[in-house]
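Student: If you scroll down you'll find the structure; I have some questions about it.
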Amino acid sequence: MTKVLAVAASARRDGNSDAVLEQALEGIRWEAPQTEVEMLVPYGLPITPCRSCNACRNTGRCVVQDKMQEVYLKFSEAEHVVVASPIYFTSVPGHFKVLIDRFQCFWSRTYRLGKPPTPRRTGMFLCVAAGDSERYYKSTLALVRAWMSTFNMGCPVSRFYGGLDEKGDVLRREDYLKDARQAGAELIQLARAKAGR
Ligand SMILES: Cc1cc2nc3c(=O)[nH]c(=O)nc-3n(C[C@H](O)[C@H](O)[C@H](O)COP(=O)(O)O)c2cc1C
Numbered sequence: 002m003t004k005v006l007a008v009a010a011s012a013r014r015d016g017n018s019d020a021v022l023e024q025a026l027e028g029i030r031w032e033a034p035q036t037e038v039e040m041l042v043p044y045g046l047p048i049t050p051c052r053s054c055n056a057c058r059n060t061g062r063c064v065v066q067d068k069m070q071e072v073y074l075k076f077s078e079a080e081h082v083v084v085a086s087p088i089y090f091t092s093v094p095g096h097f098k099v100l101i102d103r104f105q106c107f108w109s110r111t112y113r114l115g116k117p118p119t120p121r122r123t124g125m126f127l128c129v130a131a132g133d134s135e136r137y138y139k140s141t142l143a144l145v146r147a148w149m150s151t152f153n154m155g156c157p158v159s160r161f162y163g164g165l166d167e168k169g170d171v172l173r174r175e176d177y178l179k180d181a182r183q184a185g186a187e188l189i190q191l192a193r194a195k196a197g198r
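Every position in the sequence shown, counted from 1, becomes a number in this note's numbering once 1 is added.
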């Protein structure tokens, strides 16, 4: 059984990033039919921003008791994490960045406390934007990679789908939808090759 956590990072449901996420999951299921998918929609979750209290430097855990404690659990149960996000002001949406910042405790755990890293996981990043230039995608991807690495996740598969603004724009781009399905399949193939399966 392959366990995938699918993070739908947009504030808008059934928009362009949700659509490419769904296609990627289809590609994953095609390669690994026994896949169990858990969805995570950060928008609207009662997650407090990191308050930089640095308590995690002593324990490797976040002391803030809110919804994020359940989110940590979802991440730890996943083998692969697939993130689909739009670009907002050259970065990820604010509600998603709040979630990302709360992974500071994993940074503390590894780099301050020298604890062994969490088990290796595979990440994947699908990014959509109104603009066509890959410039802001590259800086957003760097942010996402830095976040994923705190949780010992690599990001061997990532894609940028530009020129998408209105809800449904991506449905007219069969090339993007097909590519997202292929990206999902690629994730499983890479993970299998790495595990020697
Ligand atoms: C607050 C906000 C900021 C945005 N900033 C950018 C931006 O900096 N660059 C860009 O190309 N598109 C930007 N966009 C456009 C979205 O990336 C685009 O509409 C995308 O297709 C939305 O994806 P979704 O349908 O999954 O929500 C922004 C949209 C919003 C709502």
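For each residue, glycine too, the CB sits at the ideal point set by N, CA and C.
Once DSSP output is grouped into helix, strand and coil, what is the label at L41?
Tutor: In the structure shown, L41 sits in a strand (DSSP, three-state: E or B).
Student: Taking the alpha-carbon of T49 as reference, which of Q35, H96, S134, L26 has the nearest alpha-carbon?
Tutor: Checked all of Q35, H96, S134, L26; the closest Cα to T49 is H96.
Student: G163: which of D176, V84, T151 sits nearest, CA to CA?
Tutor: Residue D176 is the option with its Cα nearest to G163.
Student: Is it the case that the Cβ atoms of F76 and T151 are separated by a distance below 8 Å?
Tutor: No, the Cβ-Cβ distance between F76 and T151 is not below 8 Å.
Student: If contacts are defined as beta-carbon pairs under 8 Å, then V145 and V21 qualify, I think. What distance do you get, rounded to the angstrom?
Tutor: About 15 Å; that fails the 8 Å criterion.
Student: Three or more C-beta pairs closer than 8 Å, one from the stretch 110–121 and one from the stretch 82–92: is that the case here?
Tutor: Not touching, per the Cβ criterion.
Student: Enumerate in chain order the residues of its own chain whose CB-to-CB distance from V65 is below 6 Å, with the five nearest sequence positions on each side excluded.
Tutor: Here the set comprises T49.
Student: Just to check, is the beta-carbon of L165 closer than 7 Å to a non-hydrogen atom of ligand 1?
Tutor: Yes, the Cβ of L165 comes within 7 Å of a heavy atom of ligand 1.
Student: What residues in its chain sit with their C-beta under 8 Å from that of L127, if we drop five residues either side in the sequence?
Tutor: Excluding positions up to five away in sequence, the list reads S18, V21, L22, A25, V83, V84, A85, S86, S159, R160, Y162, A181, A184.
Student: Report yes if the C-beta of T258 is less than 7 Å from at least one heavy atom of ligand 1; otherwise report no.
Tutor: With the chain covering 2 to 198 only, the question about residue 258 has no answer from this structure.
Student: Are A7 and Y44 close, meaning C-beta to C-beta below 8 Å?
Tutor: Contact: no.
Student: At which residues does the alpha helix (DSSP H) containing T141 begin and terminate?
Tutor: It spans 136–151 - the alpha helix (DSSP H) in which T141 sits, taken as one unbroken run.
Student: Could you name the residues of the same chain whose beta carbon sits closer than 8 Å to that of L178, not counting the 5 residues immediately before and after it, in chain order?
Tutor: Closer than 8 Å at Cβ, skipping near neighbours: A20, V21, Q24, V171, L172.
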